[in-house]
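Engineer: This is the structure I have questions about; it appears just below.
There are 2 protein chains.
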Amino acid sequence: AKPKVGYFPGKSALPNYEAAKKLEQIKVKDIQSIPVVVKETTTIHDAVVTLFMDNVGSLVVSDEDGTLKGVLSRKDLLKVTLGNPASSTMPVHLVMTRQPNIVTIQPDQSVVEAAKKMIEHDVDTLPVISEKDEIIGRITKTNMTRLLLDLTDTLL
Amino acid sequence: AKPKVGYFPGKSALPNYEAAKKLEQIKVKDIQSIPVVVKETTTIHDAVVTLFMDNVGSLVVSDEDGTLKGVLSRKDLLKVTLGNPASSTMPVHLVMTRQPNIVTIQPDQSVVEAAKKMIEHDVDTLPVISEKDEIIGRITKTNMTRLLLDLTDTLL
Numbered sequence: 024a025k026p027k028v029g030y031f032p033g034k035s036a037l038p039n040y041e042a043a044k045k046l047e048q049i050k051v052k053d054i055q056s057i058p059v060v061v062k063e064t065t066t067i068h069d070a071v072v073t074l075f076m077d078n079v080g081s082l083v084v085s086d087e088d089g090t091l092k093g094v095l096s097r098k099d100l101l102k103v104t105l106g107n108p109a110s111s112t113m114p115v116h117l118v119m120t121r122q123p124n125i126v127t128i129q130p131d132q133s134v135v136e137a138a139k140k141m142i143e144h145d146v147d148t149l150p151v152i153s154e155k156d157e158i159i160g161r162i163t164k165t166n167m168t169r170l171l172l173d174l175t176d177t178l179l
Numbered sequence: 024a025k026p027k028v029g030y031f032p033g034k035s036a037l038p039n040y041e042a043a044k045k046l047e048q049i050k051v052k053d054i055q056s057i058p059v060v061v062k063e064t065t066t067i068h069d070a071v072v073t074l075f076m077d078n079v080g081s082l083v084v085s086d087e088d089g090t091l092k093g094v095l096s097r098k099d100l101l102k103v104t105l106g107n108p109a110s111s112t113m114p115v116h117l118v119m120t121r122q123p124n125i126v127t128i129q130p131d132q133s134v135v136e137a138a139k140k141m142i143e144h145d146v147d148t149l150p151v152i153s154e155k156d157e158i159i160g161r162i163t164k165t166n167m168t169r170l171l172l173d174l175t176d177t178l179l
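Chains H and F are the protein sequences, given in the same order. The numbering of the first sequence is our numbering, which starts it at 24 and goes up by one. The numbering of the second sequence is our numbering, which starts it at 24 and goes up by one.
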């Protein structure tokens, strides 16, 4: 269900404009989290263990040079593990989302752009990458929820 | 990693105060989504299928009267399905999070309180329930991310 719109009385008030402008100035690098990275040869079993140990929603898959190769969500893992005990020993590169289908963001883009990408592409995590595709962070809907809280706490 | 603080220049400016006040006035019922509900006897297999069909992060488990009995996250399901083919036919009540461990919210509470609960208890979904524990909605970090976007769009 789409959220209802219209809880704000209007677009013209200066106070709101100021707050929104500030929100647009916050960059991905200001709030990003540390990425949890596995190799393409990591098994599904080890990936699930890593996901639980680090308590994250998605893992980022890299090659030896730290270049982004894939993303592995709880959903990707659940799809392959259900009723399939042989999946435990499979390497993650068989089930990960790979290029050109990975939705990424760069550190100097705004958090508003990151939020837009998450909603449009229906993903919970975006790998933060350099221009050379090096993995440098991770931004999630948890970061967005914290930002909403920080926004309220800081502004009041 | 905790988000960095201090991207806002100060707490004293009136414009910010106004925006934050408005954020605090938005209620859970204004942005909540439709809950995806299964019964306690639903199998793990059917629960995973429902989770994929409805494309949600968590299912809410109810008894025949629509009363909240449990919550089932992708994480709960992944924990039980990995390397365990027999789990497919198990009923969800064996693996769901149950009372008193379910973190819930009521429709008239503010979205700021909902965001606080999600961060403090590290959950992605809160069932929205009435005073009689009837399931009436679901609020997620996706709703929070959309709210952040709506906030920006509406205010600019």
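For every residue, glycine included, the Cβ atom is placed at its ideal position computed from N, Cα and C.
Check the Cβ of Ser81 of chain F against every Cβ in chain H and list those closer than 7 Å, keeping chain order.
Structural biologist: Position 58 of the second sequence, counted from the start, is the residue given in the question as residue 81 of chain F. Near Ser81 of chain F there are no residues of chain H at all, since even the closest Cβ is about 11 Å away, more than 7 Å.
Engineer: One question on the structure: do Lys94 of chain F and Pro130 of chain F come within less than 9 Å of each other, judged by their Cβ atoms?
Structural biologist: As a first step, residue 94 of chain F is located in the second sequence; it is residue number 71 there, counting from the start. As a first step, residue 130 of chain F is located in the second sequence; it is residue number 107 there, counting from the start. A small fix is needed here, since residue 94 of chain F is Val in this sequence, not Lys. No, these two residues do not count as a Cβ contact at 9 Å.
Engineer: Among F:Lys45, F:Ser85, F:Met167, which one has its Cα closest to the Cα of Thr64 of chain F?
Structural biologist: Translated into positions along the second sequence, residue 64 of chain F becomes position 41. Closest by alpha carbon: F:Ser85.
Engineer: Looking at the secondary structure, which residues open and close the alpha helix (DSSP H) in which Leu100 of chain F lies?
Structural biologist: For the purposes of this step, residue 100 of chain F is identified with residue 77 of the second sequence, where counting begins at 1. From DSSP, the alpha helix (DSSP H) with Leu100 of chain F extends over 97-104.
Engineer: Kindly indicate which residue of H:Lys44, H:Val71, H:Ser153, H:Lys45 has the alpha-carbon position closest to the one of Met119 of chain H.
Structural biologist: Sequence index remark: in the first sequence, residue 119 of chain H carries index 96 (1-based). Residue H:Val71 is the option with its Cα nearest to Met119 of chain H.
Engineer: Leaving aside the five residues before and after Val180 of chain F along the sequence, list all residues of the same chain whose C-beta is less than 7 Å from its C-beta, in chain order.
Structural biologist: Since the first residue of chain F shown is 24 and the last is 179, residue 180 of chain F is not available in this structure.
Engineer: Please list, in chain order, all residues of the same chain as Gly138 of chain F whose beta carbon is under 6 Å from its beta carbon, the five residues on each side excluded.
Structural biologist: For the purposes of this step, residue 138 of chain F is taken as residue 115 along the second sequence, with counting starting at 1. With the sequence shown as reference, residue 138 of chain F is identified as Ala, and Gly is not the correct amino acid for it. The residues Met167, in chain order, have a CB closer than 6 Å to that of Ala138 of chain F in the same chain once the five nearest residues on each side in sequence are set aside.
Engineer: Sort F:Lys164, F:Leu174, F:Asp173, F:Asp176 by Cα distance to Val79 of chain F and report the nearest one.
Structural biologist: On the second sequence, position 56 is the one that residue 79 of chain F refers to. Selected option, being the one with the closest Cα: F:Lys164.
Engineer: Evaluate Asp173 of chain F with the Cβ neighbour count: other Cβ atoms within 10 Å of its Cβ, from every protein chain shown; 16 or more gives buried, anything less gives exposed.
Structural biologist: Here the question's residue 173 of chain F lines up with position 150 in the second sequence. Counting Cβ neighbours within 10 Å, Asp173 of chain F comes out buried, since at least 16 surround it.
Engineer: Who are the neighbours of Thr165 of chain F on chain H, taking C-beta pairs under 7 Å?
Structural biologist: As a position in the second sequence, residue 165 of chain F is number 142, starting the count at 1. Residues of chain H passing the Cβ test: Lys164.
Engineer: Quick one: which residues of the stretch 98-109 of chain F get their C-beta closer than 8 Å to a C-beta of chain H? List them in chain order.
Structural biologist: Lys98, Leu100, Leu101, Lys102, Thr104, Leu105, Gly106, Asn107, Pro108
Engineer: Cβ of Leu171 of chain F less than 9 Å from any chain H Cβ?
Structural biologist: Reading the second sequence from its first residue, position 148 is the one you call residue 171 of chain F. Closer than 9 Å to some Cβ of chain H, the Cβ of Leu171 of chain F qualifies, so yes.
Engineer: Is there a C-beta anywhere in chain H that falls below 9 Å from the one on Asn78 of chain F?
Structural biologist: Here residue 78 of chain F refers to the residue found at position 55 of the second sequence. At least one chain H Cβ lies under 9 Å of Asn78 of chain F.
Engineer: Which of the three DSSP states is assigned to Pro114 of chain F in this structure?
Structural biologist: What you label residue 114 of chain F is simply residue 91 of the second sequence in a count that begins at 1. Looking at Pro114 of chain F - three-state DSSP - the assignment turns out to be strand.
Engineer: According to DSSP, is Val134 of chain H helix, strand or coil?
Structural biologist: In the first sequence, residue 134 of chain H corresponds to position 111, counting from 1. It is helical.
Engineer: Quick check on Ile142 of chain F: does DSSP put it in helix, strand or coil?
Structural biologist: Translated into positions along the second sequence, residue 142 of chain F becomes position 119. Reduced to three states, the DSSP call for Ile142 of chain F is helix.
Engineer: For Thr168 of chain H, go through chain F and note every residue whose CB falls closer than 7 Å to its CB, in chain order.
Structural biologist: As a working mapping, residue 168 of chain H is identified with position 145 in the first sequence. Per Cβ cutoff of 7 Å: Ala138, Met141, Ile142, Lys164, Met167.
Engineer: So which of H:Val135, H:Leu74, H:Lys92 has the shortest CA-CA distance to Leu105 of chain F?
Structural biologist: To locate residue 105 of chain F, count along the second sequence from 1; it is residue 82. Minimum Cα distance to Leu105 of chain F is reached at H:Leu74.
Engineer: Using the beta-carbon of each residue, which ones in chain F are nearer than 8 Å to Val151 of chain H?
Structural biologist: The residue given as residue 151 of chain H occupies position 128 in the first sequence. One finds nothing in chain F with a Cβ atom closer than 8 Å to the Cβ of Val151 of chain H; even the nearest lies about 12 Å away.
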